[in-house]
Amino acid sequence: MSGVAGLLAAIADVGRDPRRGGVTRPVFSPAERTLREWFTAEAAARGLSVEPDGNGGLWAWWDLPPRAGRTTAQARRGALVTGSHLDSVPGGGRFDGPLGVASALAAVSDLQAREAAGQLTRNRALAILVPAEEEGSRFGVACLGSRLMTGDLDPARALALTDADGTTFAEALHAAGLDPARAGRDPAALDSIGDFVELHVEQGRNLAPLAEDAAPGPAVAVGSSILGHGRWRLSLHGQGNHAGTTLMEDRADPMVAAAQVVLAVRKAAGQVPDARATVGRLEPVPGGTNVIASRVDLWLDVRHPEDHVTAELVQRIHGQAQKTAAFEGCTASLTEESSTGTVQFDPVLAGMLTESLRRTVPDAPLLATGAGHDAGVLARHKPAGMLFVRNPTGISHAPEEHVEDDDADTGAAALADALADLL
Ligand code: HGY
Ligand code: MN
Ligand code: MN
């Protein structure tokens with residue numbers, strides 16, 4: 061079994077979710093903490109020094125050789141940083157996040173062999189970064205750890221975020237042995253990032269074969285941009301009541317309003333070219349079979365290349381929800397939970413990644429991805445870039461997400477080449 065596939069095989073069953081299928085690995089859950097232990101052991105086996113940051117992230121450092129008059133912190137400034145996340149969506153695929161981490165580990169082994177053979181001289185340190193809560197599946201804000209590090213998210217707000225059980229992010233940090241008081245903008249960490257390169261499974265059909273018998277296209281692509289995206293909570297308030305004693309004409313049922321809102325979301329997005337809008341999560345309160353809900357919370361995930369179009373679409377959906385709610389004797393309220401504008405990756409870095417990649421994958425394309433990534437958050441502060449590895453199913457955030465062993469190795473080798481050029 062190949063390097064990357066072998067690394068991933070060791071964690072394939074961590075967080076396996078028999079009810080949903082796939083894996084469920086929320087940040088700081090037992091499953092994700094097992095992945096953190098796996099990463100720490102694999103990094104240590106490569107002689108890397110693993111250190112947590114104040115925002116739940118892990119850094120595995122391949123430091124430069126010590127030099128008189130230079131501290132480790134000084135040697136780490138402007139380092140080359142790679143990596144990805146370990147947390148997953150509920151019932152997610154096994155590659156979204158861990159492929160980037162495993163590929164970074166495999167690339168470091170490759171680079172260390174090159175250095176031992178005298179084929180690589182390093183002018184800067186290298187680190188593998190595993191940011192916390194990229195999916196926002198437990199605390200609701202995507203890229204929570206990287207947004208905190210860059211100062212894009214207020215630590216007071218982040219620490220007060222709660223999960224489904226009411227546990228705050230501060231409590232989760234504390235339970236993981238971290239000091240919540242350290243959460244927030246991390247100048248030293250930012251200072252240590254010269255360039256950030258994230259390898260990730262391609263989450264759409266851009267690299268998947270178009271037909272069964274189609275010639276396999278390039279296995280790896282370079283990221284050019286990330287589609288702007290956000291998530292909003294829409295709460296529909298009605299009157300909780302008894303399912304048996306409440307006549308149909310006497311009801312203010314937020315579930316009926318919610319059902320119409322879900323259809324309206326699809327219709328509104330369908331009328332805007334390139335827009336995507338999803339309701340993937342809907343929670344009636346109290347949620348009893350024989351109970352008319354008093355409230356229904358549903359979450360909107362809305363994306364579009366132009367940020368003002370995303371905002372307009374959300375407002376349109378909100379207006380329609382208010383009308384629908386009123387018709388059902390209910391009310392509707394909208395709360396933004398997180399939003400990230402469309403980001404273009406650093407063109408110079410993208411150019412270097414393309415030049416490096418095309419030495420081995422001549423027809424490697426540039427790919428505008430519709431999925432969010434920590435690289436997209438960092439790209440607003442530091443030169444950041446991405447490599448995407450073919451997913452033949454073109455499906456992600458679902459158990460069918462897949463990467464062939466050979467493609468995984470091609471991706472890791474491409475990452476090693478790119479890192480070697482950048483080192
Ligand atoms: O939602 C996203 O686009 C990413 O997978 N977090
Ligand atoms: Mn994801
Ligand atoms: Mn991801």
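Per the numbering used here, numbering through the sequence shown is continuous, rising by one, with the last residue being 483.
We put the beta carbon where it would ideally sit given N, CA and C, even for glycine.
- The alpha-carbon separation between His297 and Gln380 amounts to approximately 15 angstroms.
- Short of 6 angstroms from the beta carbon of Ala324, and not among the five residues preceding or following it, lie these beta carbons of its own chain, in chain order: Gln380.
- In terms of side-chain proximity, the C-beta atom of Asp156 is found nearer than 6 angstroms to a non-hydrogen atom of ligand 3.
- Under the three-state reduction of DSSP output, Val149 falls in the coil class, being neither helix nor strand.
- In this structure, Pro344 and Met315 form a Cβ contact; the two beta carbons are roughly 6 angstroms apart against a cut-off of 8 angstroms.
- Distance check between Ala472 and each of Leu447, Glu111, Leu482 places Leu447 closest, using alpha-carbon atoms only.
- DSSP places Ala120 in the strand class (E or B) of the three-state scheme.
- Under the three-state reduction of DSSP, Ser163 is assigned to helix.
- Proximity of the segment 384 to 404 to the segment 239 to 256 falls short of the contact definition, fewer than three beta-carbon pairs being nearer than 8 angstroms.
- DSSP places Thr142 in the uninterrupted beta strand (DSSP E) bounded by 139 to 143.
- By the criterion of a C-beta distance shorter than 6 angstroms, Arg242 is surrounded in its chain by Gly114, once the five residues flanking it on both sides are discounted.
- One Cα belongs to Ala120, the other to Ser109, and the distance between them is close to 5 angstroms.
- In this chain, the beta strand (DSSP E) harbouring Arg341 covers 336 to 345.
- Placement of the Cβ of Glu195 at a distance of less than 6 angstroms from at least one heavy atom of ligand 2 is found.
- Counting C-beta atoms within 10 angstroms of its own C-beta, Phe229 has 16 or more neighbours from the protein chains shown and is therefore classed as buried.
- Under the rule that a run must span 3 or more residues, the beta strand (DSSP E) segments found entirely inside the segment 277 to 324 read 280 to 286, 288 to 297.
- Here the segment 447 to 458 lies against the segment 146 to 157, with 3 or more beta-carbon pairs under 8 angstroms apart.
- Judged by DSSP secondary structure, His234 falls within the alpha helix (DSSP H) whose first and last residues are 229 to 235.
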